[in-house]
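J.:
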Amino acid sequence: MKVTEIGIFASDKHLELPLTSIKIPCGTGFPSPADDYIEERLDLNKLLIEHPAATFYARVEGDSMIDAGIYHDDILIIDKAKEAKHQNVVVAWINGEFTVKTYYIDPRLGKLFLVPRNDKYPPQEVTPEMDFTIWGVVTYNIHKL
Amino acid sequence: MNKFALVDCNNFYVSCERAFNPSLNDKPVIVLSNNDGCAIARSEEAKRYIGMGAPIFKHMDIVKEQNIHLFSSNYTLYADMSHRVNEVLSQFSPNIEPYSIDESFLYLSSNRNIDLNQYGIEMRNKVLKWTGIPTSVGIGPTKTLAKIANKLAKKNKMCQGVLDITNHARMNDFLASVEVDDVWGVGWKYAKLLKRNGINTALDLRDANESWIKKKMTVQGLRTVLELKGTPCIELEETVQDKKQIVNSRSFGMDIDKYEDLSEAIASYACRAAEKLREQDSICSHISVWIKTNGFKDDPQYSKSISCRFPEPTSYTPLIIKYSLHLLKKIYKSGYKYKKAGVMLMDLVPAENTQFNLFIKINHSRNKKLMEAFDKINNSWGSQTIRCAASGFARPWTMKRNRISPMYTTDWNDIIRVN
Chain S
70 MKVTEIGIFA
80 SDKHLELPLT
90 SIKIPCGTGF
100 PSPADDYIEE
110 RLDLNKLLIE
120 HPAATFYARV
130 EGDSMIDAGI
140 YHDDILIIDK
150 AKEAKHQNVV
160 VAWINGEFTV
170 KTYYIDPRLG
180 KLFLVPRNDK
190 YPPQEVTPEM
200 DFTIWGVVTY
210 NIHKL
Chain F
291 MNKFALVDCN
301 NFYVSCERAF
311 NPSLNDKPVI
321 VLSNNDGCAI
331 ARSEEAKRYI
341 GMGAPIFKHM
351 DIVKEQNIHL
361 FSSNYTLYAD
371 MSHRVNEVLS
381 QFSPNIEPYS
391 IDESFLYLSS
401 NRNIDLNQYG
411 IEMRNKVLKW
421 TGIPTSVGIG
431 PTKTLAKIAN
441 KLAKKNKMCQ
451 GVLDITNHAR
461 MNDFLASVEV
471 DDVWGVGWKY
481 AKLLKRNGIN
491 TALDLRDANE
501 SWIKKKMTVQ
511 GLRTVLELKG
521 TPCIELEETV
531 QDKKQIVNSR
541 SFGMDIDKYE
551 DLSEAIASYA
561 CRAAEKLREQ
571 DSICSHISVW
581 IKTNGFKDDP
591 QYSKSISCRF
601 PEPTSYTPLI
611 IKYSLHLLKK
621 IYKSGYKYKK
631 AGVMLMDLVP
641 AENTQFNLFI
651 KINHSRNKKL
661 MEAFDKINNS
671 WGSQTIRCAA
681 SGFARPWTMK
691 RNRISPMYTT
701 DWNDIIRVN
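Chains S and F are the protein sequences, given in the same order.
Be aware that the first sequence starts at 70, since it is given in our numbering, and climbs by one per residue.
Be aware that the second sequence starts at 291, since it is given in our numbering, and climbs by one per residue.
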């Protein structure tokens with residue numbers, strides 16, 4: 070352990086101040102006139118993430134969604150706060166694994182499907198006895214060119 | 291009437307593992323302490339086989355026989371998930387106090403004319419949907435009663451995870467069903483004393499003679515009695531500390547936007563948390579720091595938490611402060627008005643090394659002198675001539691974490707895989 074950090078103890082008294090007494094010279098009552106002109110650099114987080122507390126990521130394996138522009142090794146942005154709707158791309162847990170597919174609700178047949186976007190693979194019907202949950206709705210895909 | 295809600299994540303560490311690995315649902319799962327030693331979290335399915343705190347190596351037969359899934363504790367993941375849960379909860383009240391890694395108090399002010407039971411159900415559903423973490427919600431006129439309501443909500447299947455105990459017709463039955471040891475703020479020593487005097491349940495305690503209680507249990511005990519009667523004595527952010535983690539978090543009197551001011555706050559929380567840690571003779575291995583803006587204002591919003599592991603378990607104030615500030619620097623963004631910040635120390639183990647007591651219960655001027663002497667010796671004789679006993683000499687702490695799950699939310703290499 071380095072001992073240089075002991076210097077922090079010199080400010081002991083300072084640290085013992087109850088927080089309410091911390092002096093903030095530039096209080097919120099007097100916003101700087103420059104504030105109106107401050108433009109922050111564009112932030113991808115703000116663009117891509119609506120619900121930070123509910124947003125998770127997943128790595129794609131395989132080619133079942135290439136017609137939707139989702140390729141092997143891409144990174145999906147998943148928002149669990151969103152309600153999955155017909156034709157959303159979702160990450161689902163089915164029969165012991167995670168999968169990304171298009172969620173297809175057929176009200177006429179009263180059936181649910183997970184539909185790949187690659188002609189090589191057939192749609193899969195979701196039946197009640199399956200171990201199935203929608204884990205989250207995919208909102209964006211990060212694909213390296 | 292103002293009320294408190296206590297939201298408690300069910301078997302939190304196990305639920306975090308399950309959130310990213312649904313194959314663990316309905317299976318017995320156990321999360322192990324530091325060094326893969328003891329059971330510190332158990333799924334409902336595992337509770338009948340393995341006791342809380344049981345050293346797992348003694349039970350390997352049953353682990354194999356019952357196919358119990360074991361995990362090393364993944365505090366990086368748990369701290370992040372804890373922060374997410376609190377972020378969702380802060381949509382329900384501007385006043386929220388994270389009390390431990392898996393529990394938070396919410397202050398529900400009286401001017402909301404809403405059915406609180408329904409409100410609790412909404413909270414629970416939203417946290418579950420957004421984060422995947424199941425919770426129980428207890429609501430009451432005091433923090434002590436909210437705690438009890440929470441316990442009952444968890445136990446009683448009929449409640450569906452939510453109970454508002456305020457003016458409940460069955461209040462006496464409820465209180466009679468809670469052992470006095472389980473009342474918030476009653477330590478085991480006092481519980482023994484109370485039981486010797488025929489006070490066995492929360493109901494007995496509520497109806498006990500107040501002056502006798504004050505004589506035997508000081509004003510603290512009296513506060514508990516009053517709280518059981520429905521008179522709030524323990525305000526939000528006034529904490530009766532949990533033993534499993536140490537949390538120090540506060541709302542600021544005014545919004546703070548400067549890094550310097552924020553770092554001063556974080557340093558003071560870290561300092562106090564380290565003191566509490568030593569008061570209970572513990573050392574910790576993980577620290578998490580968070581900052582957030584006021585979600586109930588129209589200003590730009592930002593909320594972030596971050597955690598890391600110490601090189602070895604510690605309760606050494608300067609090191610804890612240093613780490614807390616290092617973490618703050620990583621998450622601080624200028625241009626936001628911060629309303630709240632906090633420090634949490636996790637993964638606590640007893641500080642067995644008695645030499646460590648040097649740093650305990652000495653006043654600050656002496657402490658400072660000691661630190662200065664410490665510094666001097668190390669400067670003239672080379673660093674590490676004297677060092678903190680808690681950091682160990684032989685470093686037996688190359689921690690065993692053989693069964694750790696991926697850092698699903700903090701490492702790009704560890705995010706879930708989908709096909």
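Glycine is no exception: its CB is placed at the ideal position from the N, C-alpha and C atoms.
The structure presented is a predicted model; accordingly, all values stated were derived computationally and were not measured.
Between the C-alpha atoms of residue 740 of chain F and residue 205 of chain S, what's the straight-line distance to the nearest angstrom?
T.: What the structure shows of chain F is the stretch from 291 to 709, and residue 740 of chain F is not part of that stretch, so it cannot be assessed.
J.: Can you list the residues of chain F that residue 202 of chain S reaches, using a CB-CB cut of under 8 Å?
T.: Looking up residue 202 of chain S in the first sequence gives position 133. Simply 312.
J.: For chain S, is any of its Cβ atoms less than 7 Å away from the one on residue 705 of chain F?
T.: As a working note, residue 705 of chain F is residue 415 in the second sequence. Judged by the 7 Å Cβ criterion, residue 705 of chain F is in contact with chain S.
J.: Based on Cα-Cα distance, which residue from F/381, F/597 and F/320 lies nearest to residue 363 of chain F?
T.: Translated into positions along the second sequence, residue 363 of chain F becomes position 73. Nearest of F/381, F/597 and F/320 to residue 363 of chain F, Cα basis: F/320.
J.: In chain S, which residues lie less than 7 Å from residue 374 of chain F when you measure between Cβ atoms?
T.: Residue 374 of chain F sits at position 84 when you count from the first residue of the second sequence. Neighbours of residue 374 of chain F on chain S, chain order: 122.
J.: Nearest by alpha-carbon distance to residue 451 of chain F: which of F/610, F/459, F/438 and F/463 is it?
T.: Looking up residue 451 of chain F in the second sequence gives position 161. The candidate whose alpha carbon is nearest that of residue 451 of chain F is F/438.
J.: By how many angstroms is the C-alpha of residue 494 of chain F removed from the C-alpha of residue 466 of chain F?
T.: Position 176 of the second sequence holds residue 466 of chain F. Position 204 of the second sequence holds residue 494 of chain F. Straight-line Cα distance between these residues: approximately 7 Å.
J.: Within the chosen definition, does the segment 315-335 of chain F reach the segment 346-361 of chain F through at least 3 CB pairs nearer than 8 Å?
T.: Result yes; three or more Cβ-Cβ pairs closer than 8 Å.
J.: For the beta strand (DSSP E) holding residue 191 of chain S, just list the boundary residues, first then last.
T.: Counting from 1 along the first sequence, the entry for residue 191 of chain S is found at position 122. Segment: none, residue 191 of chain S is in no beta strand (DSSP E) and carries neither H nor E.
J.: Find the nearest neighbour of residue 619 of chain F within the set F/588, F/586 and F/581, judged by alpha-carbon distance.
T.: Residue 619 of chain F sits at position 329 when you count from the first residue of the second sequence. For residue 619 of chain F, the nearest C-alpha among the options comes from F/581.
J.: Tell me whether the beta-carbon of residue 611 of chain F lies closer than 7 Å to the beta-carbon of residue 560 of chain F.
T.: Taking the first residue of the second sequence as position 1, residue 611 of chain F is located at position 321. Taking the first residue of the second sequence as position 1, residue 560 of chain F is located at position 270. Closer than 7 Å, so yes.
J.: Since residue 309 of chain F contacts residue 371 of chain F with CB under 8 Å, what's their CB separation in whole angstroms?
T.: In the second sequence, counting from the first residue as 1, residue 309 of chain F sits at position 19. In the second sequence, counting from the first residue as 1, residue 371 of chain F sits at position 81. Confirmed, about 7 Å.
J.: Rounded to the nearest angstrom, what separates residue 490 of chain F and residue 427 of chain F at their Cα positions?
T.: Walking along the second sequence from the start, residue 490 of chain F turns up at place 200. Walking along the second sequence from the start, residue 427 of chain F turns up at place 137. So the two alpha carbons sit approximately 25 Å from each other.
J.: Given this structure, state the Cα-to-Cα distance separating residue 151 of chain S from residue 208 of chain S, to the nearest angstrom.
T.: Against the first sequence, residue 151 of chain S aligns to sequence position 82. Against the first sequence, residue 208 of chain S aligns to sequence position 139. Spanning the two alpha carbons is a distance of roughly 9 Å.
J.: Which residues in chain S sit within 7 Å of residue 580 of chain F, going by Cβ to Cβ distance?
T.: On the second sequence, position 290 is the one that residue 580 of chain F refers to. For residue 580 of chain F, no chain S residue has a Cβ inside 7 Å of its Cβ, as the nearest lies near 12 Å away.
J.: Within 7 Å (strictly less), CB to CB, does residue 377 of chain F reach chain S?
T.: For the purposes of this step, residue 377 of chain F is taken as the residue at position 87 of the second sequence. So, interface residue.
J.: If you follow the alpha helix (DSSP H) that residue 589 of chain F is part of, which residue opens it and which one closes it?
T.: Reading the second sequence from its first residue, position 299 is the one you call residue 589 of chain F. For residue 589 of chain F, there is no enclosing alpha helix (DSSP H), as DSSP marks it with neither H nor E.
J.: Rounded to whole angstroms, how far is the Cβ of residue 120 of chain S from the Cβ of residue 131 of chain S, which I believe are closer than 8 Å?
T.: By 1-based counting over the first sequence, the position of residue 120 of chain S is 51. By 1-based counting over the first sequence, the position of residue 131 of chain S is 62. 27 Å between Cβ atoms; not a contact.
J.: With a threshold of 7 Å between beta carbons, is residue 198 of chain S in contact with chain F?
T.: In the first sequence, counting from the first residue as 1, residue 198 of chain S sits at position 129. Judged by the 7 Å Cβ criterion, residue 198 of chain S is not in contact with chain F.
J.: Which parts of the segment 366-445 of chain F are runs of the alpha helix (DSSP H), unbroken and 4 residues or longer, counting only runs that do not cross its ends?
T.: 406-421 and 433-445
J.: With 16 other CB atoms within 10 Å as the buried threshold, where does residue 463 of chain F fall?
T.: To locate residue 463 of chain F, count along the second sequence from 1; it is residue 173. A residue is called buried once 16 or more other Cβ atoms fall within 10 Å of its Cβ, and residue 463 of chain F, having fewer, is exposed.
J.: With DSSP as the reference, label residue 524 of chain F as helix, strand or coil.
T.: By 1-based counting over the second sequence, the position of residue 524 of chain F is 234. Coil at residue 524 of chain F, not helix or strand.
J.: Just checking residue 194 of chain S against the ligand FAD - is the residue's beta carbon closer than 6 Å to any of the ligand's heavy atoms?
T.: No copy of the ligand FAD appears in this structure; indeed no ligand is present at all.
J.: Could you tell me the alpha carbon to alpha carbon distance between residue 682 of chain F and residue 571 of chain F, rounded to whole angstroms?
T.: In the second sequence, counting from the first residue as 1, residue 682 of chain F sits at position 392. In the second sequence, counting from the first residue as 1, residue 571 of chain F sits at position 281. Bear in mind that a pLDDT of 38 at residue 682 of chain F, under 50, signals an unreliable position, so the model cannot answer this.
J.: Considering only residues of the same chain and omitting the five flanking positions on each side of residue 149 of chain S, which have a CB-CB separation below 6 Å?
T.: Within the first sequence, the letter at position 80 stands for residue 149 of chain S. Contacts found: 123 and 205.
J.: Quick check: the Cα distance between residue 384 of chain F and residue 546 of chain F, rounded to an integer number of angstroms?
T.: In the second sequence, the residue the question calls residue 384 of chain F occupies position 94. In the second sequence, the residue the question calls residue 546 of chain F occupies position 256. About 17 Å.
J.: Is it buried or exposed, residue 432 of chain F, if we count other Cβ atoms within 10 angstroms and call 16 or more buried?
T.: Position 142 of the second sequence holds residue 432 of chain F. It counts as buried.
J.: Can you confirm whether residue 420 of chain F, when its beta carbon is compared against all beta carbons of chain S, has any partner nearer than 7 Å?
T.: Locating residue 420 of chain F in the second sequence gives position 130, where the first residue counts as 1. Output row for residue 420 of chain F: interface = yes.
J.: At which residues does the beta strand (DSSP E) containing residue 128 of chain S begin and terminate?
T.: Residue mapping note: residue 128 of chain S aligns to position 59 of the first sequence, counting from 1. Where residue 128 of chain S is concerned, the enclosing beta strand (DSSP E) stretches over 124-129.
J.: CB-CB under 6 Å to residue 555 of chain F, same chain, minus the five flanking residues each way: which ones, in chain order?
T.: Taking the second sequence and counting its residues from 1, the one referred to as residue 555 of chain F is at position 265. The residues are 631.
J.: By DSSP, does residue 352 of chain F sit in helix, in strand, or in coil?
T.: In the second sequence, the residue the question calls residue 352 of chain F occupies position 62. The answer is helix: DSSP assigns residue 352 of chain F an H, G or I state.
J.: Against chain F, with Cβ distances strictly below 7 Å, would residue 150 of chain S count as a contact?
T.: Here the question's residue 150 of chain S lines up with position 81 in the first sequence. Taking Cβ atoms only, chain F reaches closer than 7 Å to residue 150 of chain S, which makes this a yes.
J.: Alpha carbon to alpha carbon, how far is residue 442 of chain F from residue 430 of chain F?
T.: Locating residue 442 of chain F in the second sequence gives position 152, counting from the first residue. Locating residue 430 of chain F in the second sequence gives position 140, counting from the first residue. Taking the straight line joining both Cα atoms gives about 12 Å.
J.: I need the straight-line Cα distance from residue 693 of chain F to residue 701 of chain F, nearest angstrom please.
T.: The count along the second sequence starts at 1 and reaches residue 693 of chain F at position 403. The count along the second sequence starts at 1 and reaches residue 701 of chain F at position 411. Distance between the alpha carbons of residue 693 of chain F and residue 701 of chain F: 17 Å.
J.: Suppose you measure from the CA of residue 112 of chain S to the CA of residue 327 of chain F; what does that come to, to the nearest Å?
T.: Here residue 112 of chain S refers to the residue found at position 43 when the first sequence is read from its first residue. Here residue 327 of chain F refers to the residue found at position 37 when the second sequence is read from its first residue. Straight across, the Cα-Cα distance linking residue 112 of chain S with residue 327 of chain F is about 43 Å.
J.: Give the residues of chain F in contact with residue 182 of chain S, contact being defined as C-beta atoms less than 8 Å apart.
T.: In the first sequence, counting from the first residue as 1, residue 182 of chain S sits at position 113. Per Cβ cutoff of 8 Å: no residues; residue 182 of chain S is ~17 Å from chain F at best.
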